[in-house]
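In order, the protein sequence lines correspond to chains F and R. Its first residue numbered 1, the first sequence is counted upward by one per residue in our numbering. Its first residue numbered 1001, the second sequence is counted upward by one per residue in our numbering.
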Amino acid sequence: MMLVIGILTMVAVYIVQRNAVADAERDLQQEFRSALTSLDRAEEARHQVLAERCRSLVLKPRLHAALEDNALDLLYPSAKDELRDLLRSGEPNSDPSALTLPATFYRFLNASGSVISPPNPAEVGRLSAADESQITLAKLPTNTQIGYFFRSSRDRGEIIDEIITLPIYSTETGEVISALVVGFEPLQLRAKESKMRSGIWINGRLSLPALSAPAVEALSHDLGAQILRGTAERNNFTISLDGSPHLLFFRILNPQSMFPPAYEVCIYSLQNATARRRKLQAQIVGAGIGLLALGFLASHFAAGRLSRPVEKLAIESEANLAGRERAEATLATTSQELKRSSRFSADASHQLKSPVTVLRVGIESLLARNDFDAPVYDELSSLLHQTYRLTGVIDDLLLLSRMDAGRLSIDFSSVDLTELVNEWLDDLSALPDSMDVQIEKKVSPGLHVAGEKRYTSLIVQNLIENARKYNRPGGRIRVATRRRREGVALSIGNTGSTIPPAAQEHIFERFNRGGAGGNVAGHGLGLNLACELALLHGGELRLVSSANDWTEFEVSFQVPSQRQNGAGSA
Amino acid sequence: MTIRCFLGVVLICGVAWQSSRGQAVVEGRVELPKKRSAPVVTQRYEIVSKGGVLSPSPPVAVVYLEGAFGKPASLATKQVAQKNLIFDPGLLPVQSGTRVEFPNLDDTYHNIFSYSPAKRFDLGRYRPDERPIPSEVFDTPGLVTLRCDIHEHMRALILVLDTPYFVTTDSNGRFRLNGLPSGHYTVKAWLDSRTTREQPVDLKSGAVVHLDFP
């Protein structure tokens, strides 16, 4: 009897333990896979955003003039103006989800693929002769090329640059005449965000800052052998690093590139997982031994009551296991939720923008055909216009979602409100469809407010555009500023149909258009965005009145402090 | 008095007849390059162009008589307009020393500039009501590429020539150069920045020479 109980207990312990180990491994694989998918998506979205930005730059007329009209002396001076926003050197990347990633350097390549030397390297990002030879290509590319290379930076030691190279086509002959190479800091996982650590392997060298130098060297060697052997673009294996097991995964970052192949290397420590598994095994085995011991004890006392305590213990052990599994599953879900929210912006930008980009490219290629009737081109052009509108809505929604997540902070400096208002009014009058609207301006000169220029500008733009959109032909727009004791108030009023009293309290809500007719362009985000931005600026946006053919909004701003004044004028 | 008047009229007619009899003509045809597929334009904000440019007319060539001829005291002012977001004309031959005006006929800003060695200038952003109409004098012979800083698909060419004898072909490549002096010269056909064809020609007063540029 005792032998039978002993054998049965051991079999039960073995089965429970085997299932527990399989479950733990499955969970681990799932966690790893979800982390990798997030990383893949972030990379893909980033490449699309970077390529899109660079693509608009290579069309700039001044760059074409310098390259095509034999004026290379004006190439970099012209590029300096055009690429000013791209290269914000010295400023750390404060917001990881921001779409405005600062470039670290840029260069142009000549017809033979060599770097055209800049007259003042400090303005375009310094590179040594060796670095420049790494971005040189054997011939000019005909499509976007992505590459990675090591270089030594004076203040940060050895770093890796991610480079995007775009061909520049002649406007006269349509041939590739040059290429723009832009360097960016590569995407890196932060150790705090994830248990996964990532690095980059290029030409036998590995950069993985999270690991010690000897470990990197050993790993680099192993990887080289694996990459040389492997033909698949994805691969993974288990390795031992600093005495603990790790799951390693590598993937080519720039397939079919003219630059040397670079591999992304992700390692995931199995130490915790192994410890957890060992603990689980020990608990199960312990429970089994306890069970056996109790069984033996019980058999000494009462053979007839043998089965009862065994059953009770087995149930308890199962309950423990189930509870632990539940807790682990909850933990995994929470951690995934956290990761998901922190990557929202990148994912959303990818998910929303890439279909629009695909749509636009499709319409553009249809427009490039010449076998349609004229009305078809008009239709296609208006569809194309809609894709630009859609991009505008997505940008607004992303900005709002970043505000909702509390991830938008205003970098206060002194902003020239008078200049902003004048610029937007200027643009307004340059629009071809303006409805003979008379503009009345009572703006004090040199009025400065505290804010961040791009967001302050967005508030002013939204209000002025609304005043135009909801106006009537032959109407009037009045823009006026007032100094107050605690700040500055900007009021923008317009003639035209008013907002019904019942709708007034809802106009700052999203997708609310204040009873506007369907013939007015817009998507109902502008006022909400302006209102939220005004609050972030320490001011407020309110509707002053909307009656008798007159609607007036007022937004208040704070005056800049002494320190912000200094920052604004610098 | 009457006799003097009569003699004057006879003299003027005689000179006119003599000069018309003394002028040579060159006519013929230039084989034009095929037109590249044109990008599509919409009249509002978005211009669909994949690095292409828009031109109001199909490609044409400029045919001119090369040689050292005197410059007239004054040259007529020419114009390259910006209309419907296109330069019009897309190719303008002028004699060196000519002033060219760049009127903006669109209801948006334009910013005309050139980096060409023959003439570097930048007119800055300006609107249709800008007076006087922005203009430049083109003194150095050569090719000047005009571009608009705001609209990347806009591009036009000004071919600055030393000679007063030049003509733009029609869209089939046909041309006729009138009022040429007698003598031994070279006739050139400019097709694009990389292609200029040339042929020697002997001009005799009153003769019509047929020249084709295959």
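Just so it is clear, CB atoms sit at the ideal spot from N, CA and C, and this is done for glycine as well. Model, not experiment: these values are computed from the prediction.
Name the residue from the options whose alpha carbon lies nearest to the alpha carbon of residue i.
i	options	result
P473 of chain F	F:T481, F:N462, F:G496 and F:G451	F:G496
D1107 of chain R	R:Q1082, R:N1178 and R:R1131	R:Q1082
L1123 of chain R	R:L1157, R:S1135, R:P1093 and R:S1116	R:S1135
G1028 of chain R	R:G1183, R:S1193 and R:N1178	R:N1178
V421 of chain F	F:A534, F:F511, F:Q564 and F:R478	F:R478
F184 of chain F	F:L398, F:P141, F:W201 and F:G125	F:G125
A65 of chain F	R:I1150, R:S1096, R:P1033 and R:L1032	R:I1150
A262 of chain F	F:E162, F:A24 and F:L39	F:E162
E328 of chain F	F:A20, F:S114 and F:M10	F:A20
L397 of chain F	F:L359, F:K353, F:A24 and F:I439	F:K353
T136 of chain F	F:Q283, F:R251, F:T165 and F:T144	F:T165
N462 of chain F	F:R229, F:L425, F:G487 and F:Q48	F:L425
V265 of chain F	F:L75, F:R454, F:L223 and F:V11	F:L223
T1195 of chain R	R:V1063, R:V1025 and R:V1026	R:V1063
I572 of chain F	F:L74, F:D85 and F:G147	Not covered by the structure: residue 572 of chain F. The range shown for chain F is 1 to 570.
Hey, does residue i have any beta-carbon neighbour from chain R nearer than 8 Å?
i	result
K441 of chain F	no
D371 of chain F	no
T391 of chain F	no
R62 of chain F	yes
D161 of chain F	no
T142 of chain F	no
A430 of chain F	yes
E68 of chain F	yes
V333 of chain F	Here residue 333 of chain F is Thr; the residue named in the question, Val, does not match the sequence. With 8 Å as the cut-off, T333 of chain F does not count as an interface residue toward chain R.
L425 of chain F	no
T171 of chain F	yes
Could you give the DSSP three-state label for residue i: helix, strand or coil?
i	result
H506 of chain F	coil
D1107 of chain R	coil
D426 of chain F	helix
G1124 of chain R	strand
P1200 of chain R	strand
L1065 of chain R	strand
D1192 of chain R	strand
E552 of chain F	strand
N70 of chain F	coil
Y1165 of chain R	coil
H1184 of chain R	strand
N494 of chain F	strand
L59 of chain F	coil
L36 of chain F	helix
T418 of chain F	helix
Is there a Cβ of chain F sitting closer than 8 Å to that of residue i, yes or no?
i	result
R1147 of chain R	yes
F1102 of chain R	no
R1174 of chain R	no
Y1165 of chain R	no
Y1115 of chain R	yes
D1212 of chain R	no
S1171 of chain R	no
D1139 of chain R	no
D1192 of chain R	yes
E1046 of chain R	Unreliable placement is indicated for E1046 of chain R, whose pLDDT of 42 sits below 50; the coordinate value is still reported in the next sentence. Taking Cβ atoms only, chain F reaches closer than 8 Å to E1046 of chain R, which makes this a yes.
T1196 of chain R	no
R1099 of chain R	no
Mind checking which residues open and close the alpha helix (DSSP H) that includes residue i?
i	result
V460 of chain F	K453 to K469
T387 of chain F	A374 to D404
D131 of chain F	A129 to I135
H221 of chain F	A213 to R229
A287 of chain F	Q271 to F301
P1214 of chain R	Looking at the DSSP string, P1214 of chain R is not in any alpha helix (DSSP H), and its letter there is neither H nor E.
S244 of chain F	No alpha helix (DSSP H) contains S244 of chain F, which is instead part of the beta strand (DSSP E) from S244 to I252.
L408 of chain F	Premise fails: L408 of chain F is in no alpha helix (DSSP H) and is neither H nor E.
Considering residue i, what are the terminal residues of the beta strand (DSSP E) in which it resides?
i	result
F108 of chain F	A103 to L109
E1101 of chain R	T1098 to E1101
A534 of chain F	No beta strand (DSSP E) contains A534 of chain F, which is instead part of the alpha helix (DSSP H) from G526 to L536.
L1143 of chain R	G1142 to C1148
E1152 of chain R	Neither: E1152 of chain R is in no beta strand (DSSP E) and is coded neither H nor E.
A547 of chain F	L541 to A547
E440 of chain F	Q438 to K442
* Which parts of the segment 147 to 188 of chain F are runs of the beta strand (DSSP E), unbroken and 3 residues or longer, counting only runs that do not cross its ends? -> 157 to 169 and 176 to 184
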